[in-house]
Every structure is written in C-alpha cells, then in structure tokens.
Amino acid sequence: NSVSEISLQQIKSSGKTFGPGELTLTINNMPAATLEQLSVIQQQALSTSSPDHNIALQTAGFESLRLLPELLSHGMVIDMKRLYLNTPDGEIIGHLNITLPKSNPSSLINIPHLKSIIKLDAGLSIPVALIPEENMKRQIQPLLDRGYLKIDGTLLKSEIRMSNSVLTMNDK
Numbered sequence: 011n012s013v014s015e016i017s018l019q020q021i022k023s024s025g026k027t028f029g030p031g032e033l034t035l036t037i038n039n040m041p042a043a044t045l046e047q048l049s050v051i052q053q054q055a056l057s058t059s060s061p062d063h064n065i066a067l068q069t070a071g072f073e074s075l076r077l078l079p080e081l082l083s084h085g086m087v088i089d090m091k092r093l094y095l096n097t098p099d100g101e102i103i104g105h106l107n108i109t110l111p112k113s114n115p116s117s118l119i120n121i122p123h124l125k126s127i128i129k130l131d132a133g134l135s136i137p138v139a140l141i142p143e144e145n146m147k148r149q150i151q152p153l154l155d156r157g158y159l160k161i162d163g164t165l166l167k168s169e170i171r172m173s174n175s176v177l178t179m180n181d182k
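Everything in the sequence shown is counted per my numbering, starting at 11 for the first residue and increasing by one.
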C-alpha cells in the first residue's frame, strides 16, 4: 500500500498566482515482488548505453507488459481522493478511483473480461477561463461536440464511470 500527498502553497506563472493546492493518491494491493521486478527492468533499461538505449526501452516495455496481469491480479485500487488547485480564474477539482477485484492473472489478458470487472469513477472540473481561446476552438470544441466534456456555468467538466463493461461519460 502506498499513500502520496502533495501540497502546494503558491506558484507564480505569467504574472498569475496559483495555489494553494493538494493531491492525495492511494495505491493499494500491488504485490511488492512484482513492483520490484518492474523496478529492476526499468533500471536496466535506463542504464543501457546510448546505441542500444531505444532497444532496451522497447524490451523493457514488453517485459513490463508481461508482468501487468500479475501486478493487477491482487485487487488493485488506485484512489485519488482529492485533486484541488486554486487559480485566479477559479478552482481545479478532480477525483479518480479505479478498482479491480482479485482475479486470476491469466483472466486479465482477456480484454472483454477485464472490462467487465474494472470499476472506474473519475471527474475533473476546470475553469473555462484557464483555456486559451485558440485551444478552446481547436482542441476543446470537438470534445464538447462529442459529449466528452460539458460546460457548466464557468466550468469545463467531465465525469467518467465504468462498471460491468458499460462506460458512461457525463451520464451518457
């Protein structure tokens, strides 16, 4: 089990002051032995000399994928209970919860089965004023048009849920 808490008092950027802010992230039921194996794979890849560096990174990625079912089979829970940042234009607020029940590792390579057992609940709220107008037109508007994002007053919001293979975004 791992709990990480990050607090921020103040950041200044482009003449604007952001803060305070807070993030709390909890990860439970991740097997220590498998995490250690992943760490060893990562360290080996990062310590490889330049000519073979890209090959080492690709190999490490494939080796890590091989360990993924074992890593997830112990009933993993990732919980970001609180994401909060005060900005000059309003608050950024978010949450994330991903839960997988204990499972046979070999069943987790079956994507339809994985989709049927994973539970996801996530949300994010950002003041619209934080988004430059050009980005709003080019990048955000298509997401609004598809219903992935919605505007609620002065906030840009998205809520995502998944349970029993059913994914909903903004209650649709």
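Glycine included, each C-beta is placed from N, C-alpha and C at the ideal position.
- Apart from sequence neighbours up to five positions away, the residues of its chain that approach residue 81 with a beta-carbon distance below 8 Å are 40, 41, 44, 45, 48, ordered along the chain.
- Boundaries of the alpha helix (DSSP H) around residue 64: 63 to 82.
- The three-state secondary structure of residue 152, taken from DSSP, is helix.
- Between residue 65 and residue 120, the alpha-carbon positions lie close to 28 Å from each other.
- Residue 109 has its alpha-carbon roughly 11 Å from the corresponding atom of residue 83.
- Beta-carbon to beta-carbon, residue 179 and residue 157 are separated by about 6 Å, close enough to satisfy the 8 Å threshold.
- Cβ neighbours of residue 141 within its own chain (closer than 8 Å, five residues either side excluded): 150, 166.
- Scanning its chain for C-beta atoms nearer than 7 Å, with the 5 sequence neighbours on each side dropped, one finds around residue 103 the residues 93, 94, 135, in chain order.
- Among the bridge pairs identified by DSSP, residue 158 is matched with none.
- Contact between residue 37 and residue 12 holds, with the beta-carbon distance rounding to 5 Å and staying under 8 Å.
- For residue 44, the uninterrupted alpha helix (DSSP H) run begins and ends at 42 to 56, by DSSP.
- In this structure, DSSP gives residue 175 a state outside helix and strand, which the three-state scheme calls coil.
- Taking C-beta atoms as the reference points, residue 139 and residue 181 fail to come closer than 8 Å.
- Here DSSP, grouped into helix, strand and coil, assigns residue 24 to coil.
- Contact between residue 79 and residue 115 holds, since their C-beta atoms are separated by about 4 Å, short of 8 Å.
- In this chain, the alpha helix (DSSP H) harbouring residue 127 covers 121 to 127.
- Nearest C-alpha to residue 105 among 146, 130, 177, 122: 130.
- Under DSSP, residue 131 forms a beta bridge with 107, 171.
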